[in-house]
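Residue numbers (full-length UniProt numbering): 1 to 259.
Yeah, the Cβ is synthetic: ideal placement off N, Cα and C, and Gly gets one too.
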Ligand SMILES: Nc1ncnc2c1ncn2[C@@H]1O[C@H](COP(=O)(O)OP(=O)(O)OP(=O)(O)O)[C@@H](O)[C@H]1O
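So, in structure tokens, the structure goes:
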């Protein structure tokens with residue numbers, strides 16, 4: 001395992017003077033895909049935004065040894081590729097131009113005049129998200145799942161060392177759920193820290209190297225899927241039981257009943 005790249009040390013976030021994320025500590029190395037899971041309202045989105053430096057936080061937060069708070073806006077945007085939940089753009093821009101917005105942190109302000117490096121990054125992201133057939137379509141005329149893939153490609157076009165994706169597969173059909181988590185896993189294997197928020201515990205177990213479980217703002221489990229999504233945490237945190245199968249390396253978890 002390589003050295004930790006993203007390190008949170010006692011990270012806390014207050015929203016409206018209420019502590020929504022409390023004393024979270026973990027470190028993540030490049031090369032790993034981490035699933036961030038927890039019940040509704042646990043603080044996952046808030047934590048993800050704080051990690052990207054988009055929300056003020058207390059405690060330690062470093063990336064590549066540097067304080068996130070000390071990074072300039074453009075450096076932050078090059079370091080953290082952040083995929084928010086849902087929102088894309090409301091203008092009828094062609095898909096390729098929306099993906100090119102991912103190169104903005106690299107200085108590409110005009111999608112019609114990309115440098116060769118920027119254009120290549122855009123094409124790579126379009127290809128992995130299977131968007132080439134939709135390249136000229138206005139993004140507003142796409143289905144929900146297609147828009148999700150455009151948002152994902154825009155995020156991948158940043159080619160950032162840290163990828164933070166908030167529910168990237170929520171509106172995708174099973175084929176693209178598997179495809180998208182597979183491509184995030186490949187982004188991790190290519191050297192990124194990838195943190196994915198998801199409510200799909202089966203996919204988390206299938207794809208994540210490690211699972212962080214957040215409950216009421218606190219990190220209550222941090223471990224491999226088999227352990228972090230074991231019967232105890234599923235009952236205590238998620239209030240469910242699950243069918244379990246597979247192997248320790250490749251657990252299969254199917255949420256089954258409420259407890
Ligand atoms: N802008 C805000 N103003 C007030 N409260 C907020 C704000 N953003 C989040 N919260 C509160 O912080 C808590 C954590 O919200 P957050 O969106 O981080 O949870 P989550 O785990 O991502 O939830 P979900 O799974 O439902 O998306 C919730 O109680 C929420 O109501």
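Between residue 82 and the rest of its own chain, which residues show a CB-CB distance below 6 angstroms, the 5 nearest in sequence each way excluded?
52, 164
Please identify the residue among 229, 120, 22, 47 whose C-alpha is closest to the C-alpha of residue 209.
Ranking 229, 120, 22, 47 by Cα distance to residue 209 puts 229 first.
Own chain residues within Cβ distance below 6 angstroms of residue 159, not counting five before or after
121
Return yes when the Cβ of residue 214 is within less than 8 angstroms of the Cβ of residue 36, no when it is not.
yes
Going by other Cβ atoms of all chains shown within 10 Å of its Cβ, with 16 needed for buried, is residue 110 buried or exposed?
In this structure residue 110 is exposed. Its beta-carbon is surrounded by fewer than 16 other beta-carbon atoms within 10 angstroms.
Presumed contact (8 angstroms Cβ cut-off) between residue 193 and residue 30, rounded CB distance
6 angstroms
Please report the distance separating the alpha-carbon of residue 18 from that of residue 40.
17 angstroms
Say the cut is 7 angstroms; is the CB of residue 41 nearer than that to a heavy atom of ligand 1?
yes
How would you call residue 32, buried or exposed, if buried means at least 16 neighbouring beta carbons within 10 angstroms?
buried
Relative to the C-alpha of residue 62, which residue among 112, 78, 9 is closest?
9
Can you tell me the Cα-Cα spacing of residue 227 and residue 255, whole angstroms?
Going from the Cα of residue 227 to the Cα of residue 255 covers about 15 angstroms.
Does ligand 1 have a heavy atom nearer than 7 angstroms to the CB of residue 198?
no
Is the beta carbon of residue 223 sitting closer than 8 angstroms to the one on residue 43?
no
Any heavy atom of ligand 1 closer than 7 angstroms to the Cβ of residue 76?
no
Do you know offhand how far residue 135's Cα is from residue 239's?
43 angstroms
By Cβ distance below 7 angstroms, which residues in the same chain neighbour residue 166 in space, the five residues on each side in sequence not counted?
Setting aside the 5 residues that flank it on each side, residue 166 is surrounded in the same chain by 45, 48, 83, 84, 85, 197, each with a C-beta closer than 7 angstroms to its C-beta; the list follows chain order.
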